[in-house]
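Participant:
Protein chains in written order, with the working numbering: chain A, 70 to 200; chain B, 70 to 200.
#1: Pick from A:77, A:122, A:89, A:78: whose alpha carbon is nearest that of residue 168 of chain A?
#2: For the putative contact between residue 110 of chain B and residue 95 of chain B, defined by C-beta atoms under 8 Å, what is the C-beta separation to the nearest angstrom?
#3: The alpha helix (DSSP H) spanning residue 104 of chain A covers which residue range?
#4: If contacts are defined as beta-carbon pairs under 8 Å, then residue 159 of chain B and residue 74 of chain B qualify, I think. What distance do you get, rounded to the angstrom?
#5: Would you say residue 90 of chain B faces chain A, with C-beta separation under 9 Å as the test?
#6: Below 8 Å, how does it come out for the segment 176-186 of chain B and the segment 126-136 of chain B: are there three or more Cβ pairs, yes or no?
#7: What residues in its chain sit with their C-beta under 6 Å from that of residue 170 of chain B, if we drop five residues either side in the sequence?
#8: Can you give the Cα-Cα distance for residue 172 of chain B and residue 195 of chain A, rounded to whole angstroms?
#9: Just list the beta strand (DSSP E) runs in the segment 122-158 of chain A, keeping only unbroken ones of 3 residues or longer that don't cross its boundaries, in chain order.
#10: Can you list, in chain order, the residues of the segment 114-131 of chain A whose Cβ is nearer than 9 Å to any Cβ on chain B?
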């Protein structure tokens, strides 16, 4: 099995806060995003925080999708990490549409090969902080 | 609740393949990494793939930890994403030690603020691919 994967780190902004509050809406958005991206779903787990905010994960054969919502800020942090032929951008677009994101920030990390590669999809600050 | 988070995207290489095969070892490494980083664990879910390889997630109040192992390549892709005061590097070190990683690649993404910021912790290729 090939180790190379494409990992989209996505910050969705200006989302509809009401959508971000509901675990059912958030979970369905993420599951549909996985399915529309042709993922093979293995595990689905979502957690409701009080007073609101949802965290959830969809484990797929091709890696995972995760989300954390912050309704009071209209913000959701989303990850779509895929191996193989699956295109993570398909899933990203589904989530952004379902949560009615007004804007987004995104970086794509190509991992599973040395060195890591970062592709900036929106303006990005890059800092060299070698450990 | 503050949206700002620190997300470590970590590729562990030259790990002990036997450790990467066992769901019990991988799960314990990740749960202990969360606990030693002072995380508040909410959900733990791990999945064994055939013939081998493990995927797993630890959902924490401060975001999540994930892992996917590729024993035949001695490779594990690990994410440690935290909000608040939790230091993701503590958890990263626990996982790397437990899986006996010989080397690693790592980038830190500061998210939940605009624009995204990437801090390279090991040599990194950066490419500008504005959508």
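For every residue, glycine included, the Cβ atom is placed at its ideal position computed from N, Cα and C.
Facilitator: Looking at the atomic coordinates:
#1: A:89
#2: About 16 Å separates the two Cβ atoms, so there is no contact after all.
#3: 92-105
#4: Incorrect: roughly 15 Å between the Cβ atoms, too far for contact.
#5: no
#6: no
#7: 81, 84
#8: 23 Å
#9: 123-129, 132-139, 144-152
#10: 114, 115, 116, 118, 122, 124, 125, 126, 128, 129, 130
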